[in-house]
């Protein structure tokens, strides 16, 4: 949490393309400013920082935050006479953000966490559209257990590093020991033009360590519009108006450390305040300088998001021409290849897949050759993808509308703050509407990413909005509730034939795996080969030429087909490693030998959505000799099972699971010749409740032991009151993992 | 001086993880270096840098399968500079490709003055070539110590030329030339009055990146360049003519440190307050530096060789190995002990001080002469006791300061017995469980490993983490009444005792019971992939694992079958396992010893067969039949 929220002021400096030339004068001015800032911050009138309180004896915390204070100032630069280096240049916005923390370090882990800092003193905010400069000032004091306080001479202790054209400063905190209290702050000051955005503010009232006092103070001039949201039970600011604008104050005491790390959705479970500070008035975005809007109505956020979406869509109309033609060409090829047109009810889906093919699969002559694993992990820009796709649909007279979706791992639906809390999907307007998005490069048409399931999603229809249609208000239509998938729809179904090898040491497994719904995604990325899915997809779409034929058609000195052939061979050679990895992840042990593997169905289309593959391999370590008899660790045939750690069992918060899902195994175990089977009856068990189920049934058939095992997590959300039901299922599965059967010498 | 990362051996975790894979990606066959020429020429410089070395090199890459790009990286620092770097693509000068200069950053080093010149050069089509020309100047012959032949790509032809004018006295030593095709020619260039040493190597395999492998100076062919002295027009400039010169240079830096004896003495008295015995004082000082000075690696020009002032390290509470060694020395000296600074090359380096070169060492420790015995104190090893030594310095030659001269000695070697882990269990069968009392002990580097893990964990999670470690995350291995020795005291063995209930460790089928006594199965599955592993294997340290378990034969049962015994004795390791019946109990004894941490490649097949035999025993169960 700390890394994500508190130290973002340091982290955002990671990439900045423009250099700032430092001169001796700049350094001197920086130092003067830094001294002034340190004096100001150390003299803050916040009692919690003034004295280290007596801390509870026997506290086992690694570290205790005695006080944390965030101070935000946003004003018009006319108020600022001089704030340091380069800031004399006339700019329009002054923004500063200071986070000060006083932390008692109780062990070496905490000492390690606080013993080094790195930051950039100067950071250019110049870009094509914006200009500005940011400086970062750090102050550090150490309070020893006897109460003596020493300030670290930060400027003298720094070492500087060149990273390309940027300079980064690193500080190792001197004389810091376990038992000390560190009191430090990080101040970022920015002066920039009015069009440059101010960082979104998030005050998270929780951490992995207890916080005795968390306070926030913001002074924001009336040139800005302030919108903020108190979520998950966070208290509200005390707001006071003055001549310049408004002052926001918040004080929270005694926040315990955050409880668990399993199945959490922090945005929906941890009290926090999120705040946007936006310069000026933009009525079309519902933004009015001087206004403070606490907890904007969901309808307002929705309307702003719709307008934003519509505005963005303007830039895609012209740019989508080539893509429209590409899709049309594929449609023509389909017709000539198949001797018929695409059936009317499949056109929208065809266009989706054709567009996905053009966007993610098709290669150009000048592309970097990328045919290995890394290609599968490309993260698409979903919004751009859908905007282009929307234009392609428009060009081909297919009616489609946008759906504004929210993630279960983002802010709650009644606790939205701004348009960016929404993500987009597309939905066709037909009897059987199809939902579309690009979650990954294998996302099927009509697949709703699991994080959006069960959420209410407003519809935005841009049919009357676009070039030559004027810029009318964007109507936000009804909300649809995105369907929740069931445990059966997100399933892993395994059929396994198991036997022992001749010397009774290895287990031979012939395995047929089917992954359905959201269970597919990870393994598709891991196991699919570009060459294979390209070919399958272009055939399905009716494209005449294979990838190599297409590359051969390029004129001139053309070595590309050969190069691709070589690259394909290399990628194919690596595929075995990924199958080995898959088996290791599944069974918690690497296969002794992977004898064969094949992909039966790639699961690239909603009409044939399952990902199906076969593996044949041996596993070592599952058979134990006991005299003349052999014990098979039957429970391990379903792979490693989740063990809820002791500290996670007493749960006090709801559980956000990724999605409802099931795991089903049909396992056929051959009884070795000359042996009889004992203990199969002990494998049978059943737990079934509203949160999940785990059942094992065994039967002897034709001299073979047949096991049917099914584990299901029935819901993606489990309220804390029902946690014990879920635990029951998890424990039953974990218990089964230890079960054994005996092959007794006849 | 390049300092080694402090924790070389976190990889020991491997030993407790079954079925580790040594799969490394196959060497890149797409790109090869067809031709690499490097010329190093000694030249007279200026007053500040009397002798410099000009480096000219050209490297040509070729791709034979598909178009790609290579990253050209050249290191430099405050003692060297890149004068020019030019890229050529498919034979044409590519002016648009500009180098990027940046600091070299790596996790283990807080600050380094090493910088990188990086260029991304495309190979435009298969069967095309791209090349980079480099001009670089090394400003001081002291830092020009080694030239390696191998690259990260297979190299078809490599030519290294070293031009040494007759006024320059330098020696070239050829290292690891066996098994490589390297031809040497020496010519005299009369015009320049210089000897030109020309080495031509063909078919050099690519360097491989494998974990737990010997340092490059043991493996790859290279030249050590020993710059001894230069007879310039302005007179003789001495470099490292002999080891004494190396020491003299180090010593000159040490003399300039400027320690404040009063400050150090006051701290030493404070640390040893109330302690009367000498050994108590020595232990207290060593322990204090280990516990209170954070190790932070600095590599910064001359400061890479000169220790930080003791009072600064005291004030900062952090330092690198030099700063920590110097502080340890000064604290002990201020109490009247004979403590000295030592230079040492860890086992990552193949050389000793018979070679007068900066390439010989990479670490600094403190020596203590006390009552006729010499102890070596390395406070960067945070949790090791006095007179215990980490594998990386054991048996290594040390150069110990002795005024204007020096002493060469060796850090004592330790056997596996230094690092014993002992587990004693007295168990009985309780339903389907094994129950009883367990005692576990760790010493030496095993203890250091455990304590560094424990102290790296947040205090509130400490017990959970320790439990997780002891139970190997198995919820059926339940621990109660856990008692640990003082984890702040690493001068003694780490001792943990608890009551165990290992559920479902006993299975009943019909009238028979089946039990498994070995819970930890160290080294199980630790075979080495001989098809992939190229280099010898280095265990992080020597191991000694002893497990003694007694199990009461349950009432009404007799022992049906006992697993077989195992006795494997090899030069580098031994595995001994036995099951015995005695006084109504089964006594299980296991002793695994890694006597030599270096397992040569030639021993891999035997090792794999031995691990297989060990696994076979691990997979056997005890059978009890009803009487």
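Residue numbers (our numbering), protein chains in the order written: chain A, 1 to 746; chain B, 1001 to 1627. Idealized CB from N, CA, C, for every residue including glycine. Note that this is a predicted model, so its numbers are computed, not measured.
If you check the beta carbons only, do residue i and residue j fall under 9 Å apart?
i, j, result
"residue 1071(B)", "residue 1120(B)", "yes"
"residue 482(A)", "residue 435(A)", "yes"
"residue 1525(B)", "residue 621(A)", "yes"
"residue 1201(B)", "residue 1162(B)", "no"
"residue 289(A)", "residue 267(A)", "no"
"residue 1440(B)", "residue 1422(B)", "yes"
"residue 294(A)", "residue 236(A)", "yes"
"residue 515(A)", "residue 603(A)", "yes"
"residue 1228(B)", "residue 1169(B)", "yes"
"residue 677(A)", "residue 744(A)", "yes"
"residue 1211(B)", "residue 176(A)", "no"
"residue 1536(B)", "residue 1213(B)", "yes"
"residue 1436(B)", "residue 1512(B)", "no"
Measure the C-alpha to C-alpha separation of residue i and residue j and round it to an integer number of angstroms.
i, j, result
"residue 413(A)", "residue 720(A)", "20 Å"
"residue 748(A)", "residue 1068(B)", "A question about residue 748(A) goes unanswered here, because the residues of chain A that appear run from 1 up to 746."
"residue 747(A)", "residue 598(A)", "As displayed, chain A neither begins before 1 nor continues past 746, which places residue 747(A) out of reach and without an answer."
"residue 296(A)", "residue 219(A)", "20 Å"
"residue 141(A)", "residue 100(A)", "11 Å"
"residue 491(A)", "residue 406(A)", "24 Å"
"residue 1562(B)", "residue 1408(B)", "54 Å"
"residue 79(A)", "residue 520(A)", "Caution applies to residue 79(A), whose pLDDT of 46 falls short of 50 and renders its modelled position unreliable; the model cannot decide the point."
"residue 1495(B)", "residue 1080(B)", "52 Å"
"residue 1315(B)", "residue 203(A)", "36 Å"
"residue 1276(B)", "residue 1284(B)", "11 Å"
"residue 1038(B)", "residue 1238(B)", "26 Å"
"residue 694(A)", "residue 714(A)", "11 Å"
"residue 1612(B)", "residue 1055(B)", "52 Å"
Problem set entry | Uninterrupted beta strand (DSSP E) stretches inside the segment 1093-1131 of chain B (no shorter than 3 residues) | 1100-1103, 1109-1112, 1115-1123
Exercise. Quick one: complete alpha helix (DSSP H) runs, 4+ long, within the segment 1236-1275 of chain B?
Worked result: 1243-1255, 1261-1271
Exercise. Given 8 Å as the limit, is there contact between the segment 409-429 of chain A and the segment 328-343 of chain A, that is, 3 or more CB pairs closer than that?
Worked result: no
Exercise. Taking any Cβ of chain A, which residues in the segment 1567-1586 of chain B have a Cβ under 9 Å from it, in chain order?
Worked result: none
For this session: With a floor of 3 residues, list each beta strand (DSSP E) that falls wholly inside the segment 1389-1418 of chain B, ordered by position along the chain.
Result: 1397-1402, 1405-1410
For this session: Can you give me, in chain order, the residues of the segment 168-185 of chain A that have a beta carbon less than 8 Å from any beta carbon in chain B?
Result: 170, 172, 174, 175, 176, 177
Problem set entry | Segments of 4+ residues assigned as alpha helix (DSSP H) that fall wholly inside the segment 374-414 of chain A | 382-395
For this session: Using a Cβ-Cβ cut-off of less than 8 Å, list which residues of the segment 1116-1146 of chain B approach chain A; keep chain order.
Result: 1125, 1126, 1127
Exercise. Mind listing which residues of the segment 1447-1468 of chain B have their C-beta closer than 7 Å to chain A's C-betas, in chain order?
Worked result: 1455, 1456, 1457, 1458, 1459, 1460, 1464
Exercise. Any residues in the segment 1474-1498 of chain B with a beta carbon nearer than 7 Å to a beta carbon of chain A? Which ones, in chain order?
Worked result: 1475, 1476
For this session: Note down, in chain order, all residues in the segment 89-123 of chain A with a beta-carbon under 8 Å from any beta-carbon belonging to chain B.
Result: 106, 107, 108, 109, 110, 111, 112, 115, 116
Exercise. Using a beta-carbon distance cut-off of less than 9 Å, what residues from the segment 732-746 of chain A approach chain B?
Worked result: 734, 735, 738, 739, 740, 741, 742, 744
For this session: Taking only runs that begin and end inside the segment 202-286 of chain A, name each unbroken alpha helix (DSSP H) of 4 or more residues, in chain order.
Result: 266-269
Exercise. Could you give the uninterrupted runs of the alpha helix (DSSP H) lying entirely in the segment 117-193 of chain A, keeping only those of 4 residues or more?
Worked result: 154-157
Exercise. Are three or more beta carbon pairs between the segment 1335-1352 of chain B and the segment 1203-1223 of chain B nearer than 8 Å?
Worked result: yes
Problem set entry | Unbroken stretches of the alpha helix (DSSP H), 4 residues or longer, contained in the segment 1137-1180 of chain B | none
Exercise. Using Cβ-Cβ distances below 7 Å, what residues of the segment 1602-1622 of chain B are close to chain A?
Worked result: 1619, 1620, 1621
Exercise. Is there contact between the segment 716-733 of chain A and the segment 639-655 of chain A, where contact requires at least three CB pairs shorter than 8 Å?
Worked result: yes
For this session: Kindly confirm or deny that the segment 457-464 of chain A and the segment 614-629 of chain A touch, where touching means at least three C-beta pairs closer than 8 Å.
Result: no
Exercise. At a cut of 8 Å, does the segment 55-64 of chain A reach the segment 149-158 of chain A through at least three beta carbon pairs?
Worked result: no
Problem set entry | Where the segment 1311-1344 of chain B meets chain A: residues whose CB sits under 8 Å from a CB there | 1315, 1316, 1317, 1318
Problem set entry | Near-chain A residues of the segment 1051-1079 of chain B (beta-carbon distance less than 9 Å), N- to C-terminal order | 1063, 1064, 1065, 1066, 1067, 1068, 1069
Exercise. Using a beta-carbon distance cut-off of less than 8 Å, what residues from the segment 669-680 of chain A approach chain B?
Worked result: 678, 679
Exercise. Touch check for the segment 243-254 of chain A and the segment 301-308 of chain A: three-plus C-beta pairs under 8 Å?
Worked result: no
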